[in-house]
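Q:
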Amino acid sequence: MLKLNKDQITRDRIIFGDRVTKYIGGVEYFEDMNLETLLKLANNNFINIKDRQGDNYKPIIKFAQFLKFCRDFSECSAELTGYTVDKHRGDYRISIDGCAVHSEYSLSKKVLIEFFKLFHEASEIDITNNRALCWYD
Numbered sequence: 002m003l004k005l006n007k008d009q010i011t012r013d014r015i016i017f018g019d020r021v022t023k024y025i026g027g028v029e030y031f032e033d034m035n036l037e038t039l040l041k042l043a044n045n046n047f048i049n050i051k052d053r054q055g056d057n058y059k060p061i062i063k064f065a066q067f068l069k070f071c072r073d074f075s076e077c078s079a080e081l082t083g084y085t086v087d088k089h090r091g092d093y094r095i096s097i098d099g100c101a102v103h104s105e106y107s108l109s110k111k112v113l114i115e116f117f118k119l120f121h122e123a124s125e126i127d128i129t130n131n132r133a134l135c136w137y138d
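Structure follows, in structure tokens:
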């Protein structure tokens, strides 16, 4: 099992840039993590690409599946939502609880089908012509 990098200052700079973080209740939320950020976090051992998000009671997002989806469909913009956990808590991590894919124009049928295949077990899924979102409770 990969030991996570505990350099929270660097991790937060990668995710939040210059935004001031408050860590209310030991967590800080993000809504716009892109593929480049996810790769930077993985390359610096802040996340394990082979990890699965979620627990025994809910569906999961596999980082590797999301990466493949982003690479396969680079013509659309994909973002993750979730939260980071403070290093002072015993469960220090980055958790992903949602995904959004959007395009200025209509998403292709292939993109929409693959999105649904990958995230069909999400708690909620919402698909329109130019965006697809899912999230996990």
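All you need for this note's numbering is the position in the sequence shown, starting with 1, plus 1. Glycine included, each C-beta is placed from N, C-alpha and C at the ideal position.
(1) Using only the alpha-carbon positions, how far apart do N6 and S75 sit?
(2) Within the continuous alpha helix (DSSP H) that includes D13, where are the two ends?
(3) CB-CB under 6 Å to R20, same chain, minus the five flanking residues each way: which ones, in chain order?
(4) Which stretch, first to last residue, makes up the alpha helix (DSSP H) that contains V112?
(5) Is the distance from the Cβ of T85 to the Cβ of I95 below 7 Å?
(6) Taking the Cβ atom as the reference point for each residue, do C100 and L113 lie within a distance shorter than 7 Å?
(7) Taking D73 as the reference, give the member of L134, Y24, S124 and L119 with the closest Cα.
(8) Comparing C-alpha positions only, which one of L68, L3 and D8 sits nearest to M34?
(9) Excluding five sequence neighbours on each side, which residues of the same chain lie with their C-beta closer than 6 Å to the C-beta of F47?
(10) Using only CA atoms, which one of I10, F70 and I16 lies nearest to G83?
(11) When you compare only the Cα positions, how much space is there between K59 and K110?
(12) So, under 8 Å CB-CB, L36 and C71 are touching, yes? Tell me the CB distance rounded to an integer number of Å.
(13) What is the DSSP secondary structure of R132, counted as helix, strand or coil?
(14) Mind checking who H103 pairs with in its DSSP beta bridge?
A: In short:
(1) Counting from 1 along the sequence shown, the entry for residue 6 is found at position 5. Counting from 1 along the sequence shown, the entry for residue 75 is found at position 74. Near 28 Å, if we compare the C-alpha coordinates of S75 and N6.
(2) As a working mapping, residue 13 is identified with position 12 in the sequence shown. First-last of the alpha helix (DSSP H) with D13: Q9 to F17.
(3) Along the sequence shown, read from residue 1 onward, the residue named residue 20 stands at position 19. Nothing meets the Cβ criterion.
(4) Indexing the sequence shown from 1 puts residue 112 at position 111. Per DSSP, the unbroken alpha helix (DSSP H) holding V112 starts and ends at K110 to F120.
(5) Counting from one through the sequence shown, the residue named residue 85 turns up at place 84. Counting from one through the sequence shown, the residue named residue 95 turns up at place 94. Yes, these two residues count as a Cβ contact at 7 Å.
(6) By one-based count along the sequence shown, residue 100 stands at place 99. By one-based count along the sequence shown, residue 113 stands at place 112. It is not a contact, given that the beta carbons lie outside the stated cut-off.
(7) Here residue 73 refers to the residue found at position 72 of the sequence shown. The residue with the shortest Cα to Cα distance from D73 is L119.
(8) Locating residue 34 in the sequence shown gives position 33, where the first residue counts as 1. It is L68 whose Cα lies nearest to the Cα of M34.
(9) Within the sequence shown, the letter at position 46 stands for residue 47. The residues are N6 and R12.
(10) For the purposes of this step, residue 83 is identified with residue 82 of the sequence shown, where counting begins at 1. Considering only alpha carbons, the answer is I16.
(11) As a working note, residue 59 is residue 58 in the sequence shown. As a working note, residue 110 is residue 109 in the sequence shown. Here the model assigns K59 a pLDDT of 45, short of 50, so the residue's position is not dependable, and the following value carries that caveat. Cα-Cα distance, rounded: 27 Å.
(12) In the sequence shown, counting from the first residue as 1, residue 36 sits at position 35. In the sequence shown, counting from the first residue as 1, residue 71 sits at position 70. That belief holds up - the Cβ atoms of L36 and C71 are roughly 4 Å apart, short of 8 Å.
(13) Here residue 132 refers to the residue found at position 131 of the sequence shown. If DSSP states are grouped into helix, strand and coil, R132 belongs with the strands.
(14) By 1-based counting over the sequence shown, the position of residue 103 is 102. Note: H103 sits in a beta bridge opposite S78 and R132.
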